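Visitor: Note that the sequence shown covers residues 521 to 791 in this note's numbering. Before anything else, here's the structure in question.
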Amino acid sequence: KGARTITRLVDEKCVVVMDPEEEAFVGAGAPGLHKYVKKKEVAGGVRRRERRYMFDAAYDGESSNEAVYAGTVLPHIAGVLRGTNATVFAYGATGSGKTHTMVGDTNDPGLMVLSLRDVFRFIGRDSADKDYTVECSYTEVYNELVYDLLIPNSSALELREDPERGPMVAGLTHVKVEDEKQIFSLLRQGNGRRKTEETGANAVSSRSHAVLEIWVTRAERNNYNKAFSTGKLALVDLAGAERASETNNRGQQLRDGANINRSLLSLVRPK
């Protein structure tokens, strides 16, 4: 109540964050009529606190998950089927809609579901002389411990180095998937096991990172020494960045928030 949008999409690459004090309420006339004045103009009419940000692609709140997917994840799907790896992160403040973007719902499927849909579409076009296997895992990272979201009451799992697949989670469930409808059901079950709590900034705040990994193995058909390749697409629904002053966190929630922010910081820290 009383909130207003202070971001504006200029074009497909530019976002403006407007001065939150650009319009200041100074009084009211008749009921329902409000009077605003503009403040803090500087040379050229540019607000002091207005900020412009450029991206490879930008979307506003009216964009569908399908539109976001087409400009971000879709270009990587063909490469995954050829054996390359790709990772997509949903990053933002708590309550900004990351889980909706990644998982979505039946009316507006998220990037995780849409990725599986197109994996099977690409396979359908290329399966005349090749065999494909698609497997998925769904992992939770909570307070620097790893859990399996595809089984109830998972204990903490260990990270190990696999000579073929690289870093792996020992004992993690891998489910063979036949279509995108199956993965939507798995995601719904897995998200029901994620750690969530109410904070001052979000009534259902995810306290953990969730990682969906899609493994695609391609093998030549009817070949004695057939070659095969495995590609992986990782889709990561990160926990939201938090300011303790805005969330009113205390005790364990405060410690959770500190761990979340520390892990998010590691993503952008120079190596």
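Think of the CB as a built atom: it goes at the ideal place given N, C-alpha and C, for glycine as much as any other residue. As the structure is a computational prediction, the values presented were derived from the model and not from experiment.
At which residue ranges does the stretch 633 to 684 contain complete beta strand (DSSP E) runs of 3 or more residues, listed in the order of the chain?
Guide: 650 to 662, 665 to 668 and 679 to 682
Visitor: Measuring alpha carbon to alpha carbon, tell me which residue in 677, 597, 614 and 601 is nearest residue 608.
Guide: Out of 677, 597, 614 and 601, 597 has the C-alpha closest to the C-alpha of residue 608.
Visitor: Note down, in chain order, each residue of its chain lying with its Cβ closer than 8 angstroms to the Cβ of residue 672, except the 5 sequence neighbours on either side.
Guide: 713
Visitor: Taking the beta carbon of residue 531 as the centre, do at least 16 other beta carbons fall within 10 Å, making it buried, or is it exposed?
Guide: exposed
Visitor: Determine whether the beta carbon atoms of residue 730 and residue 757 lie at a separation below 7 angstroms.
Guide: In this structure, residue 730 lies near residue 757, with their beta-carbon atoms less than 7 angstroms apart.
Visitor: If we ignore side chains and look at the alpha-carbon of each, how far apart do residue 750 and residue 599 end up?
Guide: 11 angstroms
Visitor: Could you spell out the range, first to last residue, of the beta strand (DSSP E) harbouring residue 752?
Guide: In the DSSP assignment, residue 752 falls within the unbroken beta strand (DSSP E) covering 748 to 757.
Visitor: Based on Cα-Cα distance, which residue from 601, 746 and 527 lies nearest to residue 582?
Guide: 527
Visitor: Please confirm whether residue 715 and residue 655 have their CB atoms less than 7 angstroms apart.
Guide: no
Visitor: So who's on the other strand from residue 686, going by DSSP bridges?
Guide: 682
Visitor: Taking all protein chains shown into account, decide if residue 595 is buried (16 or more other Cβ within 10 angstroms of its Cβ) or exposed.
Guide: exposed
Visitor: According to DSSP, simplified to helix, strand and coil, what is residue 622?
Guide: helix
Visitor: Tell me which same chain residues have a C-beta within less than 7 angstroms of the C-beta of residue 622, skipping the five on either side of it?
Guide: Closer than 7 angstroms at Cβ, skipping near neighbours: 610, 630, 631, 632, 755 and 757.
Visitor: Using the Cα positions of residue 620 and residue 649, report the straight-line distance between them to the nearest angstrom.
Guide: 37 angstroms
Visitor: Let's see if you can read the secondary structure: which residues bound the alpha helix (DSSP H) around residue 740?
Guide: Note, residue 740: premise wrong, no alpha helix (DSSP H); beta strand (DSSP E) at 729 to 740.
Visitor: Please determine, among 628, 686, 580 and 665, the residue with the shortest C-alpha to C-alpha distance to residue 529.
Guide: 580
Visitor: So, is residue 668 buried or exposed, given that buried needs 16 or more other C-beta atoms within 10 angstroms?
Guide: buried
Visitor: When the Cα atoms are used, what is the spatial distance from residue 553 to residue 573?
Guide: No answer about residue 553 holds up, because its pLDDT of 43 lies below 50 and its placement is not dependable.
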